[in-house]
Amino acid sequence: MAATAVLAQDKNPVTTVAREMLPRQQKNLVAAVEEMPADKFDFHPTEKQMTFGHLVLHIAESNNYLCSKIADLTEVKAAVQLKESDGKDKLVAALKASFDFCSTALAKVDDSKLGDEVELFGGRKGTRAFALIALTNDWADHYSSAAMYLRLNGLLPPTAQPKK
């Protein structure tokens, strides 16, 4: 009840919830990526599915792109373009940096700007709200994909592991 009362008084309930979701999603996604052995980053369940390394790169790029749109910030670009084959250390670092960027970006956002139109993937137009919802949906989708890749390699995803 106390959390509900606090949110009811919050002038920015949507962006507040997204900021509250970020640490848990970051923890689980980073832990899932760290769980996968480096020699399995080229694993893909079928020929048509992306490799695990590609998934990690996609998550980092998606975070950077969507958080830049949500907060009206310049998108973070690596000095050297990363590739899915760059190895676990570089890809984990890029993933962590993308979540740090999102944390900084989301701290600058309030609900009053969620109706603003922004350019999205492929030049389509949408609102900042669309980008914010896409971001939180992506975190869930990407975690479920990472969890599947881990399970196919005999590993438990972080949320399925026994409490330590």
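Quick note on numbering: my numbering labels position 126 of the sequence shown as 126, and the sequence is numbered without any gaps. Beta carbons are placed, not taken as given, at the ideal position from N, Cα and C, and that holds for glycine.
Note to self: If you follow the beta strand (DSSP E) that GLY126 is in, where does it begin and where does it stop?
What the structure shows: 125 to 127
Check: Which residue's Cα is closest to the Cα of PHE52: ALA107, PHE99, LEU152?
Finding: LEU152
Item checked: Span separating the alpha-carbon of ALA160 from that of GLN49 -> 23 angstroms
Item checked: Range covered by the beta strand (DSSP E) that runs through VAL118 -> 117 to 119
Checklist line | GLU47 (DSSP reduced to helix, strand or coil) | finding: coil
Checklist line | Three-state secondary structure (DSSP) of PHE52 | finding: helix
Note to self: Rounded to whole angstroms, what is the Cα-Cα separation between GLY122 and SER144?
What the structure shows: 25 angstroms
Next item on the list: Take ARG19 and list the residues in its own chain whose beta-carbon comes closer than 6 angstroms to its own, dropping the five residues that flank it on each side.
Entry: LEU106
Notebook entry, point to check: So what's GLU84 in DSSP terms, helix, strand or just coil?
Noted result: coil
Notebook entry, point to check: Can you name, in chain order, every residue of its own chain whose Cβ lies under 6 angstroms from the Cβ of GLY115, other than the five neighbours on each side?
Noted result: THR127
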